Amino acid sequence: MQTGAIDLASIPGPMDLQATLESGQTFRWSRLDGRTYEDPAPSGGDAWYRTVHDGEVIEVRQTAAALEWRSTFDATETLSRRLRLDDDLGSILEEVPGDEVVARAVERFAGMRLVREPFWETLVSFILSAQMRVERIHQLVETLATTYGDPVEWRGETLYSFPSSTALAEQSERDLRDLGVGYRAPYLRETAAMIAAEAVSPAAVASSPYETARETLTSLVGVGPKVADCVLLFSLGFAEPVPLDTWIRSAIEEHFPEAAAGSYDDTSRAIRDRFGPHPGYTQTYVFHHLRTTDRAEVGRGD
DNA sequence: CTCCAGGGAGCCT
DNA sequence: AGGCTCCATGGA
């Protein structure tokens, strides 16, 4: 086991590990204290989080002065990349618009960073996310790993990597359904086969202009504009996507009604203009704020 | 019991 | 292009 610490003073801008990992951007980190995303500890806690990255175990927690990690390898670079520790979040948040809901969201979760999670597991997570609650997505992603992933031994425990596209493509639709993924089973299977066959290259998508990238991803089965936006935002580092889910749509209707009309693309473009130079960041703050707030209190500043 | 969840595919016009 | 219906499953 190796251990290390990333000094918070070395990270440009604020850092909030809990908000970053529990805001529905990623479903591959588990809290070691047994709490779930739906029943989190009070913010400011120092819980350990764990994932398996490319066969390596990484555990991380935030203390007063650092991000502390322990791992099967030197996790510094991987953590920095996955949690976007290089983002100058102080400057980014200064450029977020001052609208009531947005400002309240930033006030609550300043330090929440976008993530840059591995492409395949992000794609699978958001294919499963259709009509599914956040905590349930997390459970299903864990179940997929324990069922089809490769075992990794860690301090007397057996953990599991996320299964490859090939491993999932080999499963029958029936077996996938039996895990509880419901009607998404064929989406998962067919997209796994397409990725295994390299029908879509993550690297090529990542280097494309935003609209082209989104168009390419929607060629995958079970991937429409919303899921594509999530993958581009939470895995491939795009700044523009504003995934229009039920929460954001209702927020747009209430607070930005002039942007609510028209197609997904129309609304997407209109709200991007209102969300400042980092629309994806703005969206993620608003989403997390809404999802963790009673409807009546949204926009209120306590 | 009903309603809904980080939507998308298939079909219709 | 845009609208409608159906799609599993579990929790409130």
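Residue numbering for the first sequence follows our numbering, beginning at 44 and increasing consecutively. Glycine included, C-beta positions come from ideal geometry on N, C-alpha and C. As the structure is a prediction and not an experimental result, all values here were calculated from the model.
- By the Cβ rule, the segment 138-154 counts as touching the segment 329-336, because three or more pairs are nearer than 8 Å.
- Spanning the alpha carbons of M58 and H96 requires a straight line of approximately 21 Å.
- With respect to the 8 Å criterion, T94 and R71 are classified as neighbours on the basis of their beta carbons.
- The beta carbon of D129 is closer than 8 Å to those of P55, S123 in its chain, skipping five residues each way along the sequence.
- In the three-state DSSP reduction, T94 falls in the strand class (E or B).
- When secondary structure is reduced to three states using DSSP, L110 falls in the strand class.
- If you draw a straight line from the Cα of D309 to the Cα of R317, it is about 13 Å long.
- Collapsing the DSSP output to three states places P245 in a helix.
- For C273, the closest alpha carbon among the candidates L211, A303, S134, S311 is that of S311.
- It is roughly 43 Å from the alpha-carbon of G88 to the alpha-carbon of A240.
- A303 has its alpha-carbon roughly 48 Å from the corresponding atom of T46.
- Around G133, the same chain offers G56 as residues with beta carbons nearer than 6 Å, after the five sequence neighbours per side are excluded.
- In the structure shown, E99 falls within a strand segment according to DSSP collapsed to helix, strand and coil.
- By the criterion of at least three beta-carbon pairs nearer than 8 Å, the segment 166-183 is in contact with the segment 254-273.
- One Cα belongs to G280, the other to R198, and the distance between them is close to 33 Å.
- A Cβ-Cβ distance of about 5 Å is found for the pair A210 and Y191, placing them in contact under the 8 Å criterion.
- Under the rule that a run must span 4 or more residues, the alpha helix (DSSP H) segments found entirely inside the segment 256-304 read 268-277, 289-298.
- Beyond the five residues adjoining it in sequence on each side, T335 comes within less than 7 Å, by CB distance, of no other residue in the same chain.
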